[in-house]
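Visitor:
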Amino acid sequence: MAVDMKGKSLLSIADLTLEEIEQIFATTEMLKLQKKTGQPHPILAGRTLGMIFEKPSTRTRVSFEAGMYQLGGYALYLSSNDLQLGRGETIADTTRVLSRYVDGIMARVFSHNTVVELAKYGSVPVINGLSDMEHPCQILGDLFTAIEKKGKLAGLKMAYIGDGNNVCNSLLLGCAKVGMDMAAAHPRNYDPPASILDEAKKIAKKTGCKIKVSSDISSALDGADIIYTDVWTSMGQDAEKKERLKAFSEYQVNEKMLKKAKDDVIVMHCLPAHRGEEITDEVMDGPHAVVIDEAENRMHVQKAILALLIR
Ligand code: CP
Ligand code: NVA
């Protein structure tokens, strides 16, 4: 039976049950097919999404905007600098007011607490379009891509090589939820937060998969079906770029690394990539990479999320 997700917010992958994730993927499959076969699907006609951005974006902005248009709705780009938010109006007042104008809010923010407050004081669904803690829409697009490429999620092994950042956090929670083993390799002091790791391990215990975090690249890659990486310096960390380049120098995803995983390994990256740093051109442009499919699937998955939360 369908799960009712209407009116819910999506701030963290942990907010979703496995049934809800499966429902998002089933809806994604349907909407992707409708788009590919040219069938109009204006199920959000007359609905408006407000999109607050505190940070730059290519994929998130364009995929939400194009997605809302395809659903018959309208998306409003709101740079935080152009809102009164940038001049000291509180998040609570902003979201109370926006909730009277729009049917949903998507926000890309620095502090995760901002999306929490937007949801707490607003009365429409809030979707996290990336915070310092999580990037749930990205990971849902990635897991959908993994199903397309591998035919399943439970029982696969994901090797995440790189920074214990927002993308890694959502992957840990997402893999745990769907029963996929995840081994993350980070340099020391770049681990994901203990709170996320504890939660992912708790979920994994129930779903019967393994979550491991270490600095051991070879053991992470051993038997991996998917290799995932992300930038070493995330948005807002530019002052640390030099020391991060040094700390992560051994963690570049290159051809040598691919040889340590399964022969049919796929390589994922949320993009934007810093080619020559966390990943080589050879791998990005090689036959194992599925990075552009992931970027495309962001749109289809987000359309499903919008349809389920707002319709
Ligand atoms: N992956 C992702 O969120 O890309 P953008 O920063 O371009 O939105
Ligand atoms: N970890 C990266 C992801 C970009 C989509 C960042 O936060 O900048």
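First residue of the sequence shown: 19, per the numbering used here; consecutive thereafter. For every residue, glycine included, the Cβ atom is placed at its ideal position computed from N, Cα and C.
1. Among the candidates 83, 168, 206, 189, whose CA atom is the shortest distance from the CA of residue 282?
2. Any chance you could list the residues with Cβ under 6 Å from a heavy atom of the ligand CP, keeping chain order?
3. Ends of the alpha helix (DSSP H) at residue 318?
4. By DSSP's criteria, residue 334 is part of a beta bridge. Which residues make up the other side?
5. Tell me whether the region 164–179 and the region 73–91 touch, counting them as touching only if at least three CB pairs, one residue from each stretch, are closer than 8 Å.
6. On the DSSP letters alone, give me the boundaries of the alpha helix (DSSP H) that residue 85 sits inside.
7. Inspect the beta-carbon positions of residue 174 and residue 221 and report whether they are closer than 9 Å.
8. Quick check on DSSP: helix, strand or coil for residue 126?
9. Of the residues 87, 327, 126, which one's Cα is nearest the Cα of residue 96?
10. For the alpha helix (DSSP H) that residue 184 lies in, which residues bound it at each end?
11. Could you give the first and the last residue of the continuous alpha helix (DSSP H) run that contains residue 231?
12. Considering only heavy atoms of the ligand NVA, does any lie closer than 8 Å to the CB of residue 303?
13. What is the DSSP secondary structure of residue 104, reduced to helix, strand or coil?
14. Can you tell me where the alpha helix (DSSP H) with residue 218 in it begins and where it stops?
15. What are the residues that DSSP puts in a beta bridge with residue 69?
16. Extract the residue ranges of the beta strand (DSSP E) inside the region 234–312, only unbroken runs of 3 or more that lie entirely within it.
17. Excluding five sequence neighbours on each side, which residues of the same chain lie with their C-beta closer than 7 Å to the C-beta of residue 77?
18. By Cβ distance, which residues of its chain are closer than 6 Å to residue 298, with the 5 residues on each side in sequence left out?
19. Which stretch, first to last residue, makes up the beta strand (DSSP E) that contains residue 200?
20. Report yes if the C-beta of residue 240 is less than 8 Å from at least one heavy atom of the ligand NVA; otherwise report no.
21. Out of 153, 285, 59, state which residue places its alpha-carbon closest to the alpha-carbon of residue 270.
22. Could you give the C-beta distance for residue 143 and residue 27, rounded to a whole number, given that I count them as a contact under 8 Å?
23. Is the beta carbon of residue 153 within less than 8 Å of some heavy atom of the ligand NVA?
24. Tell me whether the region 36–52 and the region 62–74 touch, counting them as touching only if at least three CB pairs, one residue from each stretch, are closer than 8 Å.
25. Using a Cβ-Cβ cutoff of less than 7 Å, which residues in the same chain neighbour residue 217 once the five nearest sequence positions on both sides are dropped?
26. Leaving out five residues before and five after residue 311 in sequence, what residues of the same chain have Cβ atoms less than 6 Å from its Cβ?
27. Tell me which same chain residues have a C-beta within less than 7 Å of the C-beta of residue 194, skipping the five on either side of it?
28. Have a look at residue 128 and residue 152 and give me their C-alpha separation to the nearest angstrom.
29. Going by the CB atoms, is the gap between residue 145 and residue 182 shorter than 9 Å?
30. Is residue 120 close to the ligand NVA? I mean its beta-carbon at under 8 Å from any heavy atom of the ligand.
Guide: This is what the structure gives:
1. 168
2. 75, 76, 77, 78, 148, 156, 288, 289, 290
3. 309–328
4. With the chain covering 19 to 329 only, the question about residue 334 has no answer from this structure.
5. no
6. 77–88
7. no
8. strand
9. 126
10. 184–196
11. No alpha helix (DSSP H) holds residue 231; the beta strand (DSSP E) holding it covers 229–232.
12. no
13. helix
14. 212–225
15. 95, 124
16. 244–247, 284–287
17. 289, 313, 316
18. 272
19. 199–203
20. no
21. 285
22. 5 Å
23. yes
24. no
25. 32, 191
26. 163
27. 218, 221, 222, 225, 227, 229
28. 10 Å
29. no
30. no
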